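Below you'll find the structure, written out as structure tokens, and then a few comments.
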Amino acid sequence: MNHIFLYGPPGTGKSTIGKIIARNLKLPFIDLDRVIEINAGMSISQTINQQGESAFRDMETFALKNLVNENKSIVALGGGTLLRNENRAFAEENGKIILFVAKFSTLFERLQNKTDRRPLLAGDLQSKLTALLESRKNITNLFL
């Protein structure tokens, strides 16, 4: 088992807690969204706005699969990474998946002023977040 994959909706603290876990275990921390931004040469928001969500998901899959060559690490996955069966299978084969959850009110509070970095939540945050959580419920339930 090479990696520990942190998964959950936006705002659950995957990156924040992941850095702490990595430091305590003396392992590298990888934020998959940051890897995608470096590879694309632009922010996630710009990528989705300019190239679409499907192109972003392709980049996400590419970045995830390139982790196979990395040493054991703590990896913060994007909130939608495991929606693709191939990504979920890859993560299960190459490490342990840990699900992060939080109450809706906590997520709403944490994300309220950060929708500029999260284009899928832009606009009416309450309805967008509700729809996002509902659409990902089946995947999330696999890890409860």
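Residue numbers (the numbering used here): 37 to 180. The beta-carbon is built from N, C-alpha and C at its ideal position, and this holds for glycine as well. All values reported here derive from a predicted model rather than from experimental measurement.
Residue i, buried or exposed, once every other Cβ within 10 Å from all chains shown has been counted against 16
i, result
"E108", "At residue 108 the sequence reads Lys, which differs from the Glu that was named. Exposed is the call here."
"D160", "exposed"
"D69", "buried"
"K50", "buried"
"L61", "exposed"
Boundaries (first-last residue) of the alpha helix (DSSP H) holding residue i
i, result
"S54", "It should be pointed out that residue 54 corresponds to Gly in this sequence rather than to Ser. Taken as a continuous stretch (DSSP letters only), the alpha helix (DSSP H) holding G54 covers 50 to 61."
"D69", "68 to 76"
"Q87", "80 to 87"
"N174", "173 to 177"
Which residues DSSP lists as bridging residue i, in chain order
i, result
"V137", "According to DSSP, which records beta bridges pairwise, V137 is partnered with nothing at all."
"L168", "Paired residue(s): none; L168 is not in a bridge."
"I40", "I110, K132"
"F65", "I110"
Euclidean distance between Cα positions of residue i and residue j
i, j, result
"L119", "L178", "11 Å"
"Q86", "I72", "14 Å"
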